[in-house]
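J.: Note that the protein sequences, when read in sequence, are chains A and B.
Under the numbering used here, the residue at position 236 of the first sequence is numbered 472, and the numbers go up by one with no gaps.
Under the numbering used here, the residue at position 1 of the second sequence is numbered -11, and the numbers go up by one with no gaps.
Ideal placement from N, C-alpha and C gives every residue a C-beta, glycine not left out.
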Amino acid sequence: MREVTAAAVMAAAARLCVEANLRLGEDVLAALEEARKREESPTGREILAQLVENARIAWEDQVPVCQDTGYAVFFVELGQEVQLVGGTLEEAINAGVRRGYTEGYLRKSIVGDPLERMNTGDNTPAVIHVRSVPGDRLRLRFMAKGAGSENMSRLAMLKPSAGWAGVKEFVRQAVREAGSNPCPPLVLGVAVGGDFEQCALAAKEALLRKVGEPQPEPRVAGLERELLEAVNDLGLGPGGLGGRVTALAVHLALLPTHIAALPVGVAFACHAYRHGEAIL
Amino acid sequence: MSDEPIRLTLPVTGEADAEAIRALRSGQRVLLSGTLYTARDAAHRRMVEALARGEELPFPSEGAAIYYAGPSPARPGRVIGSAGPTTSSRMDAFAPALMAQGVRVMIGKGSRSAEVKEALRRYGAVYLVATGGAAALLARRIKSARVVAYPDLGAEAVHELVVEDFPAVVANDSAGGDLYTEGIRAYRREADV
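1) Could you tell me the alpha carbon to alpha carbon distance between G185 (chain B) and L394 (chain A), rounded to whole angstroms?
2) Which residues mark the beginning and the end of the alpha helix (DSSP H) in which Q286 (chain A) is found?
3) Mind checking if I(-6) (chain B) is an interface residue toward chain A, Cβ cutoff 7 Å exclusive?
4) Using DSSP with H/G/I as helix, E/B as strand and the rest coil, what is A308 (chain A)?
5) Please list, in chain order, the chain A residues whose beta carbon lies closer than 7 Å to that of T23 (chain B).
6) For V299 (chain A) and chain B, any beta-carbon pair shorter than 7 Å?
7) How would you label P278 (chain A), buried or exposed, when you count the other beta carbons within 10 angstroms and need 16 or more for buried?
8) Spell out whether any CB of chain B is found under 7 Å from the CB atom of N359 (chain A).
9) So, does the CB of L167 (chain B) fall closer than 7 Å to a CB anywhere in chain A?
10) In whole angstroms, what separates the C-alpha of R390 (chain A) from that of G425 (chain A)?
11) Give the secondary structure of G399 (chain A) by DSSP, where H, G and I count as helix, E and B as strand, and everything else as coil.
12) For my contact list, G69 (chain B) and A62 (chain B) are in at a C-beta cut-off of 8 Å; report their separation, rounded to the angstrom.
13) Please report how far the alpha carbon of L24 (chain B) lies from the alpha carbon of A466 (chain A), in whole angstroms.
14) Give me the chain B residues within the contact set of S416 (chain A), using Cβ-Cβ distance strictly less than 7 Å, ordered along the chain.
15) Taking a contact to mean a Cβ-Cβ separation below 7 Å, would you say R41 (chain B) touches E144 (chain B) in this structure?
16) What does the Cβ neighbour count give for I346 (chain A), buried or exposed, with the cut at 16 atoms within 10 Å?
17) How about G315 (chain A) and R367 (chain A): do their beta carbons lie closer than 7 Å?
18) Q303 (chain A): buried (16+ other C-beta within 10 angstroms of its C-beta) or exposed?
19) How about A124 (chain B): is its C-beta nearer than 7 Å to some C-beta of chain A?
20) Check F432 (chain A) in the structure and name its three-state DSSP category.
21) Quick check: what's the CA-CA separation for A398 (chain A) versus E352 (chain A)?
22) Spatial neighbours of P421 (chain A) within its chain, please: CB distance less than 7 Å, with the 5 preceding and 5 following residues excluded, ordered by chain position.
23) Extract the residue ranges of the alpha helix (DSSP H) inside the segment 295 to 375 of chain A, only unbroken runs of 4 or more that lie entirely within it.
24) Restricting to Cα atoms, I'd like to know which of A:R238, A:G384, A:E282 is closest to R78 (chain B).
25) Anyone know if the C-beta pair for M94 (chain B) and I54 (chain B) falls short of 7 Å?
26) Output the boundary residues of the beta strand (DSSP E) element that contains N160 (chain B).
27) Where does K344 (chain A) land, buried or exposed, given buried means 16+ other C-beta within 10 angstroms?
28) Which of the three DSSP states, helix, strand or coil, is assigned to M388 (chain A)?
29) Counting only C-beta atoms, is R176 (chain B) closer than 7 Å to chain A at any point?
30) Compile a chain-ordered list of the residues in the segment 124 to 150 of chain B whose CB is closer than 7 Å to at least one CB of chain A.
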């Protein structure tokens, strides 16, 4: 067994929260620059230019890229040979979020009870998903998930007879109805298959792939291109004010499912798509 | 974006200002200078509850401009943190009541309900959009900030902001123009649904 301290997990979580919120990833920036070249709408091009400039200013002024610094969402891969010492994983991550959001001057956006709606004051609790994996490493993947995009998430339990055409139409409809609310140009995580909650989780996790990272499976890559084209044909464009680039990328996950089921989940990320990872 | 931006000073005071607001048309770019008040979900609920009790709004409402925003905290020595717009549709249920109190300009992101568009016509008001997510860029245009109501709401408190050349686009005007519908129609490549 290899020991990893709770203090190390806390420090890594805190750093991820601050860095991801202040510095837009190179993958997203490159995708925005590329989008600027092919956007035909003058308004759209102006918005894309603002977004690139915004990322530069955020880092220079040490302020968040977007004021909605989000739910703190962690996907954790916990190696089976890792022994966590000095505290629990959940406590360590939440302590990191508390420190990162406070010391990084990030906005605290979490309410403790969804009906009473009192702010917890430190952006905890984080949303934490843990998977046990082989090996002696602990991998923390983080996203700051704003509510503008999160509120547009959709899941449907389609009939298997709906097939790929039904999936495509559902994704297109979800993006069309979301309109400008999720702050396009978007990154979309789409999962097909699994059961209800696995589908939602896989759609969210699909977002974590780097934007522009090639999809290794040619068949899936083809389906991703098809979805991207269908979404961009909607004409929403940057800011939803009309244009060619409604989405920067679509990341697709296909999962085993039941003979009677065809679940489809769509997770939305805005253009201020803030994510990062640490390996301990 | 087309042409030079139109400069507006806020709040809207006097007939000439009111006419300038009514004359705005969807798609025009504007640069705002003067005073804005931030208010989002919780502050709107409180303001409308206050009105129901016969109380006044917590800021001078005549000709006022409301910015749907909840800024991130300011670092020491800074005016404000990041301060981009939030999704306006969550305030749709409250906006007509505030326009009835004199509010004439709303700034946010995303499309509005039929009721809000109708109220824009009735009151000669305008709905502007700022670029969602351009929160650091927009924050540089904010020259001062102070909390004027509901400090217990934290980021959701009502802040009085003084802005200079704050960039926005007219989304919905008082004549029924709607940039979201018009802009998307020009680039859509699918059959009408």
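T.: For this structure:
1) This structure leaves residue 185 (chain B) out entirely; chain B is present only between -11 and 181.
2) Note, Q286 (chain A): alpha helix (DSSP H), 278 to 297.
3) no
4) DSSP places A308 (chain A) in the strand class (E or B) of the three-state scheme.
5) Simply none; closest approach about 19 Å.
6) yes
7) exposed
8) no
9) Judged by the 7 Å Cβ criterion, L167 (chain B) is in contact with chain A.
10) 11 Å
11) Residue state, collapsed to three classes: helix.
12) 5 Å
13) 39 Å
14) K97, G98, S99, Y168
15) no
16) I346 (chain A) sits buried, since 16 or more C-beta atoms from the chains shown fall within 10 Å of its C-beta.
17) Against a cut-off of 7 Å, the Cβ pair of R367 (chain A) and G315 (chain A) comes out as no contact.
18) buried
19) yes
20) DSSP, read as helix, strand or coil, puts F432 (chain A) in helix.
21) 41 Å
22) A271, P474, V481, T482, A483, L484, H507
23) 325 to 339
24) A:G384
25) yes
26) 146 to 160
27) buried
28) coil
29) yes
30) A124, L125, A127, R128, G142, A143
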